[in-house]
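Here's the structure, in structure tokens; my notes come after.
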Amino acid sequence: MWSHQGPKILRPGRRERFFIVITTFNRCDYLDDLLASIASLSPPPDGVIVVDNASTDGTAAVVEGAQRKLAALPVPVPVIHHELRENVGGAGGFSAGVDRALAEGAQWMWLMDDDVTTVPGAIGALGQWMDKYDAIVGRRYDAVGKPFFWQHRFNDFLGIHLPVAGDVFKGSNEFSTNVGCFEGMLVHADAVAGAGLPDPRFFITGDDVIYGWLISQERPVMYVNAFVLHKARAQRSIDLGIRHLNDSSDLSRFYMMRNRGLVAGYLRTHGKYNPVGFAVGTALTAAKEVFRLLAVEKTLHGSAKLWRGWRESRRILSDSSWAPMPPLKRGA
Numbered sequence: 244m245w246s247h248q249g250p251k252i253l254r255p256g257r258r259e260r261f262f263i264v265i266t267t268f269n270r271c272d273y274l275d276d277l278l279a280s281i282a283s284l285s286p287p288p289d290g291v292i293v294v295d296n297a298s299t300d301g302t303a304a305v306v307e308g309a310q311r312k313l314a315a316l317p318v319p320v321p322v323i324h325h326e327l328r329e330n331v332g333g334a335g336g337f338s339a340g341v342d343r344a345l346a347e348g349a350q351w352m353w354l355m356d357d358d359v360t361t362v363p364g365a366i367g368a369l370g371q372w373m374d375k376y377d378a379i380v381g382r383r384y385d386a387v388g389k390p391f392f393w394q395h396r397f398n399d400f401l402g403i404h405l406p407v408a409g410d411v412f413k414g415s416n417e418f419s420t421n422v423g424c425f426e427g428m429l430v431h432a433d434a435v436a437g438a439g440l441p442d443p444r445f446f447i448t449g450d451d452v453i454y455g456w457l458i459s460q461e462r463p464v465m466y467v468n469a470f471v472l473h474k475a476r477a478q479r480s481i482d483l484g485i486r487h488l489n490d491s492s493d494l495s496r497f498y499m500m501r502n503r504g505l506v507a508g509y510l511r512t513h514g515k516y517n518p519v520g521f522a523v524g525t526a527l528t529a530a531k532e533v534f535r536l537l538a539v540e541k542t543l544h545g546s547a548k549l550w551r552g553w554r555e556s557r558r559i560l561s562d563s564s565w566a567p568m569p570p571l572k573r574g575a
């Protein structure tokens, strides 16, 4: 049970060694807000790992300030600045961060980008599901405080994740999914051991979807009715009824298509690759990105990145030496 007097702490057992893993790159202002919100968490985490993707702004100073502030809390929280020599993208950052968290003895790892903030009671709110599941995704508010749409399932035939319409929490406070989201996914070390580290080859885009899918091949992945994060970065978007479509970037467009090759590799590994269905899924992915350009960004500039990414995905598909990330030894 949570203590109601003084600082709250996690009870022993399934809730020990709770670490927050953040990946950041040149967004020190957002990172500062996130670390300040972590200082208000009650109960607090057992540690914070900031994976710094070779930032060139004031990230180091922000982390140093947070180290002092969180060390002075009634229940001190260590902040580890894990600096990388080069920018390996969000995927590489989370791969390095999970690896470092395991080395620090983490049992739970709450994964998040730098452009969110935490809800003060978030860890306690997730607690009831930590006793039952090894992979949990809590809910988020958007930048203006409204519920952010995130309810999907991965379709093996098409090789894409699709939105689930309606209120998935109408009859229950938990929804079984088979995708992940590194904007607040909570994973236990047992789930990581089975799935291996997040695949750094994705660089950005799709790494979390596939990571959740890999975990779901062995154990449940649950989307739960607990608001635990705020999105801090506003984005241009349109409401399509069953989901919101946000703006993107040329880099993201390239990797959206290029990473289709990696997705195919994982489907093949698990005997779930259908070339016809996957081709349809790839066409739908490209069509969605073109629609995003036209409807959200009001331009077709950037469409060439989709073509380049698709060509690179074909190279990955034809690579006979390709192999998935290996599982880890239990207790590694």
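Residue numbers (my numbering): 244 to 575. In this text, a Cβ means the ideal position worked out from N, Cα and C, and glycines have one as well. The structure displayed is predicted, hence computed values, not measured ones.
- In this model, Tyr-454 and Ile-403 are separated by some 13 angstroms (Cα to Cα).
- Here DSSP, grouped into helix, strand and coil, assigns Ile-263 to strand.
- Distances from the CA of Cys-271 to each of Asn-502, Phe-425, Pro-286 and Thr-299 were compared; the closest alpha carbon is that of Thr-299.
- Residue pairing by DSSP places Met-355 opposite Ile-265 in a beta bridge.
- Close CB contacts of Ile-447 within its chain, under the 8 angstroms cut and outside five residues either way in sequence, are with Gly-332, Gly-333, Ala-334, Leu-494, Ser-495 and Tyr-498 (chain order).
- The DSSP-derived three-state label of Leu-369 is helix.
- Here DSSP, grouped into helix, strand and coil, assigns Thr-542 to coil.
- Residue nearest to Glu-307 within the set Pro-288, Leu-284 and Asp-275 is Asp-275 (criterion: CA-CA distance).
- The C-beta separation of Asp-433 from Asp-377 comes to about 5 angstroms, placing the pair in contact by the 8 angstroms criterion.
- When DSSP states are grouped into helix, strand and coil, Met-465 belongs to the strand group.
- Here the region 421 to 431 lies against the region 337 to 357, with 3 or more beta-carbon pairs under 8 angstroms apart.
- The DSSP-derived three-state label of Ile-447 is coil.
- Rounded to the nearest angstrom, the gap between the Cα atoms of Gly-520 and Phe-261 is 40 angstroms.
- In this chain, the alpha helix (DSSP H) harbouring Thr-302 covers 302 to 314.
- Put simply, the backbone Cα of Phe-470 is about 4 angstroms away from that of Arg-382.
- A distance below 6 angstroms between beta-carbons, with the five flanking residues on each side excluded, links Ala-349 to the following residues of its chain, in chain order: Arg-260 and Phe-262.
- Between the region 549 to 564 and the region 499 to 514 there are three or more C-beta pairs closer than 8 angstroms, enough to call the two in contact.
- Inclusion of Gly-427 and Leu-457 in the CB contact set at 8 angstroms is not warranted, their separation being larger than that value.
- In the three-state DSSP reduction, Ser-419 falls in the strand class (E or B).
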